[in-house]
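Read the structure below first, then the notes.
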Amino acid sequence: MGEEDYYLELCERPVHFEKANPVNCVFFDEANKQVFAVRSGGATGVVVKGPDDRSPISFRMEDKGEVKCIKFSLENKILAVQRTSKTVVLPEKRNLKLLKSQNINVNWYMYCPESAVILLSTTVLGNVLQPFYFRAGTMSKLPKFEIELPAAPKSTKLNLSERDIAMATIYRQLYVLFLRHHSRTSNSTGAEVVLYHLPREGACKKMHILKLNRTGKFALNVVDNLVVVHHQDTETSVIFDIKLRGEFDGTVTFHHPVLPARSIQPYQIPIAGPAPVTSQSPVPCKLYSSSWIVFQPDIIISASQGYLWNLQVKLQPIVNLLPDKGRLMDFLLQRKECKMVILSVCSQMLSESDRATLPVIATVFDKLNHEYKKYLDAEQSYTMAVEAGQSRSSPLLKRPVRTQAVIDQSDMYTHVLSAFTEKKEMPHKFVIAVLMEYIRSLNQFQIPVQHYLHELVIKTLVQHNLFYMLHQFLQYHVLSDSKPLACLLLSLESFYPPAHQLSLDMLKRLSTANDEIVEVLLSKHQVLAALRFIRGIGGHDNISARKFLDAAKQTEDNMLFYTIFRFFEQRNQRLRGNPNFTPGEHCEEHVAFFKQVFGDQALMKPTTF
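Okay, here's the thing in structure tokens:
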């Protein structure tokens with residue numbers, strides 16, 4: 033299997049710690065994501081390492097018996113050590129104050145540090161869970177809920193194991209995940225993961241069921257809002273995305289794996305030690321080992337090998353594993369690092385070898401522009417609220433975050449469409465159809481189309497001499513009016529004479545001031561187009577000769593300069609009976625330049641009648 037087939041990988045830089053052995057005990061603190069390696073009960077040293085810690089913390093403590101649990105408070109200020117089932121020792125003497133107590137028979141508990149929620153397993157079967165929420169030194173009791181066991185239990189002993197429950201935040205919502213080894217319905221084989229949504233207010237509700245279609249030993253992680261289910265027997269994993277459409281039965285949504293099961297990408301353990309010694313090849317890591325312990329959301333620890341990894345999703349391989357482009361876009365748009373992969377999918381579907389059909393391309397454009405429009409609307413609402421002075425009265429008002437799912441027109445133009453229009457092997461009708469499809473999609477979502485996209489369409493039409501189509505697009509306002517577009521049309525007059533009138537009509541519709549149009553044309557070195565425009569509206573007797581001669585000279589085109597110079601000589605002759613420029617026109621340097629290039633004899637002689 034090539035590297036392009038694995039969509040899960042272990043991080044490149046794991047936390048390395050002393051592996052577990054008879055004298056070294058290893059503990060993991062889920063709140064701080066720290067690994068504690070405790071040697072000889074702490075007497076010969078405790079080493080604490082975390083994924084973000086630049087340097088490990090090392091210290092010693094007296095060996096007062098076996099350590100059952102050891103943790104730091106947040107920011108590593110207070111160390112707590114548990115040696116018996118009922119006592120916790122703080123090495124530094126502090127006064128503790130009881131804030132609140134609850135009397136509940138507890139089988140086991142689970143704490144989710146990200147959401148500050150603790151879950152207590154109660155009742156004889158253990159399947160009634162009581163959540164508590166901690167905030168600013170207070171503890172709130174949330175409504176308890178019951179986990180549906182696979183079938184009516186035969187015995188009255190504990191049925192729900194801590195191993196089969198996980199808590200994780202998925203799409204900003206807290207869920208309790210229950211790994212049910214046998215389905216409740218007799219006709220379905222295989223295990224399933226049941227997701228209960230646990231809100232801050234209101235009752236916990238069963239929302240999703242992930243169908244695993246297999247049995248055996250499983251472990252759960254959550255990475256980039258995806259539920260990853262590892263299967264030890266086959267040494268493979270699958271991913272589920274609860275945002276993708278599933279089968280809804282009126283109460284819960286059933287989901288199947290997004291992709292075929294694959295192993296985590298093979299991982300090589302580097303050999304540590306001095307450079308001469310490490311020339312030997314790295315050791316392949318045993319994946320899905322029985323010594324692996326999985327923690328939420330994305331942590332895998334191998335105590336026997338002494339490594340802590342973060343699990344990661346690789347998006348590029350998924351592009352070829354998910355052929356349905358619409359579903360692929362739905363999936364990618366929810367991922368954190370998606371922008372360049374989405375743009376590569378767009379380029380791929382417009383390539384000669386993988387060309388998609390126009391309906392598929394339209395679907396992809398619509399999905400991208402739906403996200404783009406959501407962001408533009410949020411940005412506009414925020415701006416209006418700030419201008420209305422609501423930011424002072426509402427401190428919760430936050431500027432919308434631009435995620436990588438926002439693919440705007442400049443992204444599409446730069447990374448996809450401009451390169452696509454330059455492909456010689458592409459049929460031009462397909463190229464134009466794709467550009468118009470993107471513009472249609474923008475219009476559908478009421479997103480103002482940037483002029484450079486219209487320019488791309490016009491340049492493509494002109495390149496293939498499709499002037500009749502250009503005329504139709506303008507006549508039926510398929511291409512929106514804009515000043516840059518009008519200027520582009522004016523510049524096309526020499527290829528396509530009707531472009532002049534089309535441009536003027538557009539400028540009139542835009543109520544553009546005539547002098548502004550002239551300025552825009554001159555700034556784009558369209559000197560002849562500017563002159564024709566001014567003549568077309570009858571304003572050529574009042575324009576500044578110097579301004580036009582300056583612009584003509586800047587083009588470094590001597591014949592253009594000659595044409596413009598001659599035009600003004602003729603104007604002077606017509607208006608004043610003399611072709612020469614008056615001192616007030618400040619054209620002396622241009623007259624000198626004309627003489628230098630074309631000679632004195634080229635100057636127009638006054639005509640007398």
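Each residue of the sequence shown is one higher than the one before, starting from 33 at the first, in this note's numbering. The C-beta atom is built at its ideal place from N, Cα and C for all residues, glycine as well.
#### Entry: Pairwise C-alpha distance: PHE363 and GLY74
47 Å
### Message
Using C-beta distances below 8 Å, list every residue in its chain close to GLY222, excluding the 5 sequence neighbours before and after it, in chain order.
### Response
SER215, LYS243, LEU244, ASN245, ARG246, THR247
### Query
Taking the Cβ atom as the reference point for each residue, do ILE490 and LEU511 lie within a distance shorter than 9 Å?
yes
#### Entry: Exposure of ALA531, with buried meaning 16 or more beta-carbon neighbours within 10 Å
buried
### 9 Å Cβ cutoff met for MET444 and CYS370
no
### Query
Pick from LYS96, GLU107, GLU124: whose alpha carbon is nearest that of THR116?
LYS96
### Task
Please state whether DSSP places GLN348 in a helix, a strand or coil.
Correct three-state label for GLN348: helix.
### Query
Using a Cβ-Cβ cut-off of 8 Å (strictly less than) and excluding sequence neighbours within five positions of LEU276, which residues of its own chain qualify?
Hits under 8 Å: HIS287, VAL290, ARG359, ASP362, PHE363.
### Query
Do you know how far the Cα of ASN352 is from the Cα of GLY77?
About 50 Å.
### Query
Using a Cβ-Cβ cut-off of 6 Å (strictly less than) and excluding sequence neighbours within five positions of VAL260, which residues of its own chain qualify?
For VAL260, where only same-chain residues beyond five positions count, the Cβ hits under 6 Å are ASN253, SER269, ILE271.
### Task
Report the option in HIS486, GLN558, SER322, THR492 whose CA atom is closest to the CA atom of HIS460.
THR492
### Message
Counting C-beta neighbours from all protein chains within 10 Å, is the total for MET416 16 or more, i.e. buried, or is it exposed?
### Response
exposed
### Task
Confirm, please, whether the CB-CB distance from LEU635 to ILE596 is below 9 Å.
no
### Message
Only counting the same chain, and skipping five residues up and downstream in sequence, which positions put a Cβ closer than 6 Å to that of HIS557?
### Response
Sequence-distant partners of HIS557 (beyond 5 residues in either direction) whose C-beta falls short of 6 Å from its own C-beta, in its chain, are THR587.
### Task
Going by DSSP, name the residue or residues bridged to GLU178.
VAL160
#### Entry: Cα-Cα separation between LYS109 and PHE250, rounded to whole angstroms
36 Å
### Query
Can you tell me where the alpha helix (DSSP H) with MET381 in it begins and where it stops?
Boundaries of the alpha helix (DSSP H) harbouring MET381: 371-381, taken from the DSSP string.
### Task
Along the alpha helix (DSSP H) that carries ASN590, what are the first and last residues, could you check?
590-608
### Message
For VAL647, report the span of its alpha helix (DSSP H) as first-last.
### Response
The structure shown has nothing for residue 647, since the chain only spans 33 to 641.
#### Entry: Close-in-space but distant-in-sequence residues of the same chain around GLU279 (CB under 6 Å, 5 per side omitted)
PHE286
### Query
What did DSSP end up calling TYR484 once you bin it into helix, strand or coil?
helix
### Query
Does DSSP classify CYS619 as helix, strand or coil?
coil
### Query
When DSSP labels each residue in this structure, what does ASN56 get in the three-state scheme?
ASN56 falls in the strand class under three-state DSSP.
#### Entry: Neighbour-count burial assignment, HIS262, 16 or more Cβ in a 10 Å radius
buried
### Query
What did DSSP end up calling THR639 once you bin it into helix, strand or coil?
coil
### Query
To which residues of the same chain is PRO638 closer than 8 Å at the C-beta, ignoring the five residues directly before and after it?
Once the five neighbours on either side are set aside, the close Cβ partners of PRO638 are GLN605, GLY609, ASN610, PRO611, ASN612.
### Message
With a threshold of 8 Å on Cβ separation, who are the neighbours of MET381 within its own chain once the five nearest residues in sequence on each side are excluded?
### Response
LYS357, ARG387, ALA388, VAL392, ILE393, VAL396
### Task
Report the option in ASP589, ALA624, GLU621, HIS572 whose CA atom is closest to the CA atom of LEU607.
HIS572
### LYS243, enclosing alpha helix (DSSP H) - first and last residue
Careful: LYS243 lies outside any alpha helix (DSSP H), inside the beta strand (DSSP E) at 237-243.
### Query
When DSSP builds the beta bridges, which residues end up paired with CYS317?
Among the bridge pairs identified by DSSP, CYS317 is matched with none.
### Query
What span of residues does the alpha helix (DSSP H) with ALA577 cover, start to end?
577-586
### Query
Taking MET501 as the reference, which of ALA518, MET468, HIS483, SER523 has the closest Cα?
MET468
### Query
For the 8 Å Cβ check, are there 3 or more pairs between the stretch 142-157 and the stretch 198-212?
yes
### Message
Tell me the residue span of the beta strand (DSSP E) that contains CYS101.
### Response
101-104
### Task
My understanding is that ILE150 touches PRO163, with C-beta atoms under 8 Å, so please give their C-beta distance in whole angstroms.
7 Å
### Task
Report buried or exposed for SER105, applying the criterion of at least 16 other Cβ atoms within 10 angstroms of its Cβ.
By the beta-carbon neighbour count (other beta carbons within 10 angstroms, threshold 16), SER105 is exposed.
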